[in-house]
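Read the structure below first, then the notes.
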Amino acid sequence: MPLSWNEIKDRALSFSHEWVDETSEDAEAKSFLDGFFNVFGVPRKRVASFEKHVKKIDGKDGYIDLLWRGILLVEHKSRGKDLDRAFRQAKDYFPGIKDADLPRYILVSDFARFRLYDLEESTQHDFALKDLYKNVRLFGFIAGYQTTSFKEQDPVNVKAAERMGRLHDQLKVAGYEGHQLEVYLVRLLFCLFAEDTSIFERRQFQDLIEQRTAPDGQDLAQWLDNLFQVLDIQEDKRLKMLDEQLAAFPYVNGNLFAERLPTAAFDRAMRDLLLECCVLDWSRISPAIFGALFQSVMDQKLRRNLGAHYTTEKNILKLIGPLFLDALREEFAQLRSQKKKLIEFHRRLAGLKFLDPACGCGNFLVIAYRELRLLELDVLRALRRDDTQRVLDVKSEIQCDVDQFYGIEIEEFPAQIAQTALWLMDHQMNMLVSEEFGQYFRRLPLKKSATIAHDNALQLDWRKTVSPKELNYILGNPPFVGAKYMNDGQRADMAAVFSDVQSYGLLDFVAAWYRKAADYMADNTAIKTAFVSTNSITQGEQVGILWMDLLRRGVKIHFAHRTFSWSSEARGKAAVHCVIIGFALHDTVDKRLFDYEALQSQAHEIRVKNINPYLVDAPNVVIPRRSSPLCTVQEIGIGNKPIDGGYYLFTPEEKAEFLQIEPVARLYFRRWFGSEEFINNIERWCLWLGDCSPDVLRQMPEAMKRVEEVRKSRLASKSIPTRKLADTPTRFHVENMPNSNFLVIPEVSSERRIYIPLGFMTPETLCSNKLRIFPEATLYHFGIMQSAMHMAWMRYVTGRMKSDYQYSISIVYNNFPWPQAPTSKQCEDIEAAAQAVLDTRAQHPDASLADLYDPRTMPPDLVKAHRKLDAVVDASYSKKKFLGDSDRVAFLFELYQQLTSMFPVESKEVRKRRSTTKRRTAA
Numbered sequence: 025m026p027l028s029w030n031e032i033k034d035r036a037l038s039f040s041h042e043w044v045d046e047t048s049e050d051a052e053a054k055s056f057l058d059g060f061f062n063v064f065g066v067p068r069k070r071v072a073s074f075e076k077h078v079k080k081i082d083g084k085d086g087y088i089d090l091l092w093r094g095i096l097l098v099e100h101k102s103r104g105k106d107l108d109r110a111f112r113q114a115k116d117y118f119p120g121i122k123d124a125d126l127p128r129y130i131l132v133s134d135f136a137r138f139r140l141y142d143l144e145e146s147t148q149h150d151f152a153l154k155d156l157y158k159n160v161r162l163f164g165f166i167a168g169y170q171t172t173s174f175k176e177q178d179p180v181n182v183k184a185a186e187r188m189g190r191l192h193d194q195l196k197v198a199g200y201e202g203h204q205l206e207v208y209l210v211r212l213l214f215c216l217f218a219e220d221t222s223i224f225e226r227r228q229f230q231d232l233i234e235q236r237t238a239p240d241g242q243d244l245a246q247w248l249d250n251l252f253q254v255l256d257i258q259e260d261k262r263l264k265m266l267d268e269q270l271a272a273f274p275y276v277n278g279n280l281f282a283e284r285l286p287t288a289a290f291d292r293a294m295r296d297l298l299l300e301c302c303v304l305d306w307s308r309i310s311p312a313i314f315g316a317l318f319q320s321v322m323d324q325k326l327r328r329n330l331g332a333h334y335t336t337e338k339n340i341l342k343l344i345g346p347l348f349l350d351a352l353r354e355e356f357a358q359l360r361s362q363k364k365k366l367i368e369f370h371r372r373l374a375g376l377k378f379l380d381p382a383c384g385c386g387n388f389l390v391i392a393y394r395e396l397r398l399l400e401l402d403v404l405r406a407l408r409r410d411d412t413q414r415v416l417d418v419k420s421e422i423q424c425d426v427d428q429f430y431g432i433e434i435e436e437f438p439a440q441i442a443q444t445a446l447w448l449m450d451h452q453m454n455m456l457v458s459e460e461f462g463q464y465f466r467r468l469p470l471k472k473s474a475t476i477a478h479d480n481a482l483q484l485d486w487r488k489t490v491s492p493k494e495l496n497y498i499l500g501n502p503p504f505v506g507a508k509y510m511n512d513g514q515r516a517d518m519a520a521v522f523s524d525v526q527s528y529g530l531l532d533f534v535a536a537w538y539r540k541a542a543d544y545m546a547d548n549t550a551i552k553t554a555f556v557s558t559n560s561i562t563q564g565e566q567v568g569i570l571w572m573d574l575l576r577r578g579v580k581i582h583f584a585h586r587t588f589s590w591s592s593e594a595r596g597k598a599a600v601h602c603v604i605i606g607f608a609l610h611d612t613v614d615k616r617l618f619d620y621e622a623l624q625s626q627a628h629e630i631r632v633k634n635i636n637p638y639l640v641d642a643p644n645v646v647i648p649r650r651s652s653p654l655c656t657v658q659e660i661g662i663g664n665k666p667i668d669g670g671y672y673l674f675t676p677e678e679k680a681e682f683l684q685i686e687p688v689a690r691l692y693f694r695r696w697f698g699s700e701e702f703i704n705n706i707e708r709w710c711l712w713l714g715d716c717s718p719d720v721l722r723q724m725p726e727a728m729k730r731v732e733e734v735r736k737s738r739l740a741s742k743s744i745p746t747r748k749l750a751d752t753p754t755r756f757h758v759e760n761m762p763n764s765n766f767l768v769i770p771e772v773s774s775e776r777r778i779y780i781p782l783g784f785m786t787p788e789t790l791c792s793n794k795l796r797i798f799p800e801a802t803l804y805h806f807g808i809m810q811s812a813m814h815m816a817w818m819r820y821v822t823g824r825m826k827s828d829y830q831y832s833i834s835i836v837y838n839n840f841p842w843p844q845a846p847t848s849k850q851c852e853d854i855e856a857a858a859q860a861v862l863d864t865r866a867q868h869p870d871a872s873l874a875d876l877y878d879p880r881t882m883p884p885d886l887v888k889a890h891r892k893l894d895a896v897v898d899a900s901y902s903k904k905k906f907l908g909d910s911d912r913v914a915f916l917f918e919l920y921q922q923l924t925s926m927f928p929v930e931s932k933e934v935r936k937r938r939s940t941t942k943r944r945t946a947a
């Protein structure tokens, strides 16, 4: 057990006085270094050796004054010698040292002066012998105090995971697999971590393997079995004849080593690989990061993209900050000088309980626990500052522990990692406290543990894991699985959770955790919950299905991060567009909305009155599917849907080749546009034979071949309606061909665009179902639809195709609140501005709409024209000046609420409208 810092300082002062007059390297250097190690309570003989022989960079023999393998190299000189030269001499030894034994630190000294180099951090510290007592904390690595600031991108995390993955593979090849293999690896993980963080003695595990096991690895498994048994037996109950080296290991408990496992099998390569793992500095490995990386190496597919599924600490803090940490920190700041209240606050911290019902490897729980312990440390500092005479007993003062944390995880291995990771983080926090207050504190044997249920969170009653009456917070990052990508088991889970909700099959998998949390919180409405989710649950048709149900159950959103890129810092760089939503069954006046200028930018916070399901500061309205427009405007429909197997569609080259054979068919070719063709000005053609008389058609044998292929294609379909369409092979399934000019809206458009480009078409063109068709549209209609007002509405309420906008007629267009009673002057201004947009486009004839509306290449004159259009459209809605899209959408939601409160959702059918879309089925 490490000495206290106070005792180390006392020893350092005595050491400095003892050696103040020594000058000769040859006479007393070894005694000096023995005494130096004794300052920190470590016998030098146990960790380091003198005069280590190596070959220097020039090939000559060299002798290192002192080498602690993998940790420290010391080069000692007589008083007054050049320390720079001593450092260069120390570096000359490196080519002769095995990679596994290369030190992190170099110490050079001449009795009177010390210089310590940290080669990993590229730092240097110089001080005199008389000041050693002031600098003892630089040598915490000798004393056994190991505190580390973790780097999320530190390659040691990935390197450690990769080596453990290789060991996993070799054990599996040897026949050791499943539950036993997973438990075995978690135990090895604990041992590796323990010997670098003062749970074990430094190199205790590595020395056991190197010194006591055969190089061929044949007896390694038996030694590990013996060690695992020893770690589960109290010291006073161990065999009296137990091997001395095994007996030196501490009692761990915690059930980590309780289960008896079959003996594994190792060979030379596997032993070497385990020793390679030992060489890594596990004190630098973050339990929050490593668990997810470790899980990745267990799966060959995940391993190819190692780290892609790891959630960064920065993103985790986005959730736990507004969920609980910010409020606790603020409360602490207000009462830090009030001792009685501070003591009560400390007691309350130790009573908080947290549940992650999709905990994976526990990274949310680990970071939450770390932040709780850091806050507790600040409380202890404040209490100590107020009572400087009080002797702090660290062991009795630390009240927060891992048993405040609960998790549910469907896979066994991550569940085991989560529990172990919390123990490891607990130890790291204990080391931080030890260093802060100069008293070593190691929580062994492990008496408490997190409760991690290995179960299906959507089938399990969460009350069996932790009572709602005891819980304070639910948090986590449930699985991201789209509605179309769920497996049968996940669909069954959704059915169990949403048995009373219509159309739940359209919801993403993550939605089930929201419903389960809402049901659970009904037993304790003080609980607060926050989940990371795909942004799809705040867009499109999912909002009406999920949030109508949640709002009925009393859910109130307390804070939210609007869409941002949830990315990994590790290899793979996986990124998905996410939101974070914090909610409860009680309301709050302190509502916080975090918005992003760009997906990967920093969030800016807004204090708001309300956060609705679209994550807008607006009333709690939910936009349902609507079969016809809310306002008195034309209905729009989808374009033509041939279901032709592609036989009627042609590139320009294919069309030319076809007409060479059958020139009479030229009259039946019409320009074809879908979203891609319209936006990118791609030339495609459609052979439209629906209006061709039978006698003319028979005179076109090549066209007849196409008709026959379409007929066969439809007959081969599994869909009964499609097979019926084979009876009329020249016609389309959906036909929408206006007789006059019409407006088109792309169904799918890139999220990068500020405006989805709309445009007018002439009757001789044909549009696919990937374009929405607005018949008899005027410049006024175009102006409103192309404006920032309509685009903002679309962005907030539409669904997504991947990350691209997917324009929905029933949700976006039919629910859009048009200007109410605009004046004639306003209508004229809108028409003039709309025409100006079209005229400006025409001034760039060689540019496609994709070129014109890419934010990076949009011409300044077109930007100016759009801003003018936006201004006049804004004015037709309100005299107030809108500050941006969120302001516009908040206004539109309020207008929508006013309009829909006048009548039920579908009661406006009193206004008869002519459908522009014909959906054909065979008679």
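In our numbering, the protein residues as written are 25 to 947.
Every residue gets a Cβ at the ideal spot worked out from N, C-alpha and C, and that includes glycine.
Quantities reported herein were computed from a predicted structural model and do not represent experimental measurements.
Three-state class that DSSP yields for residue i in the structure shown
i, result
"F798", "strand"
"H478", "strand"
"Q440", "helix"
"V657", "coil"
"P770", "strand"
"D256", "coil"
"N159", "coil"
"A92", "As written in the sequence, residue 92 is Trp, which differs from the Ala given in the question. Three-state result, W92: strand."
"E433", "strand"
"C383", "coil"
"F151", "strand"
Terminal residues of the beta strand (DSSP E) in which residue i lies
i, result
"H203", "Where H203 is concerned, there is no enclosing beta strand (DSSP E), although the alpha helix (DSSP H) it sits in stretches over G202 to E219."
"V78", "S73 to K79"
"I130", "Y129 to S133"
"R139", "R137 to D142"
"W696", "F693 to F697"
Separation of residue j from residue i, as counted between CA atoms
i, j, result
"E300", "R308", "16 angstroms"
"P687", "F702", "27 angstroms"
"V632", "A184", "45 angstroms"
"E800", "E435", "57 angstroms"
"Y528", "L691", "48 angstroms"
"W247", "L270", "9 angstroms"
"Q922", "Y901", "14 angstroms"
"C995", "P762", "In this structure the chain extends from 25 to 947, so residue 995 is not present and cannot be described."
"G375", "F356", "16 angstroms"
Own chain, CB closer than 8 angstroms to residue i, minus 5 neighbours either side, in chain order
i, result
"Y87", "E75, K76, H77 and V78"
"L27", "R35, F64, G65, A167 and Y464"
The alpha helix (DSSP H) enclosing residue i, as first and last residue numbers
i, result
"K365", "K363 to G375"
"R112", "L107 to D116"
Nonlocal neighbours in the same chain, by C-beta distance under 6 angstroms from residue i, ignoring five residues either side
i, result
"R394", "M449"
"Q423", "A374"
"S910", "none"
"L639", "T562, A584 and R586"
Sequence-distant residues of its chain with Cβ nearer than 7 angstroms to residue i (five each side left out)
i, result
"D532", "V505, G506, A507, T558, S560, I561 and Q566"
"E918", "A642 and P643"
"M724", "E686, V688 and A689"
Test: residue i CB closer than 8 angstroms to a CB of chain B
i, result
"E283", "No chain B appears in this structure, which consists of one protein chain only."
Checklist entry - Given 8 angstroms as the limit, is there contact between the stretch 451 to 459 and the stretch 512 to 525, that is, 3 or more CB pairs closer than that? => result no
Next on the checklist: Could you check whether the stretch 401 to 409 touches the stretch 441 to 448, counting it as contact only if at least three pairs of C-beta atoms, one from each stretch, sit closer than 8 angstroms?
Outcome noted: Taking 8 angstroms as the limit for Cβ pairs, the verdict is that the stretch 441 to 448 does not touch the stretch 401 to 409.
Checklist entry - Taking three-plus beta-carbon pairs below 8 angstroms as touching, is the stretch 381 to 399 in contact with the stretch 487 to 504? => result With three or more CB-CB distances shorter than 8 angstroms, the stretch 381 to 399 counts as touching the stretch 487 to 504.
Item to check | contact_flag[the stretch 647 to 665, the stretch 778 to 797] where n(CB pairs < 8 angstroms) is 3 or more | outcome: Touching, per the Cβ criterion.
Checklist entry - Quick one: any contact between the stretch 111 to 120 and the stretch 149 to 156, if contact means 3 or more CB pairs under 8 angstroms? => result no
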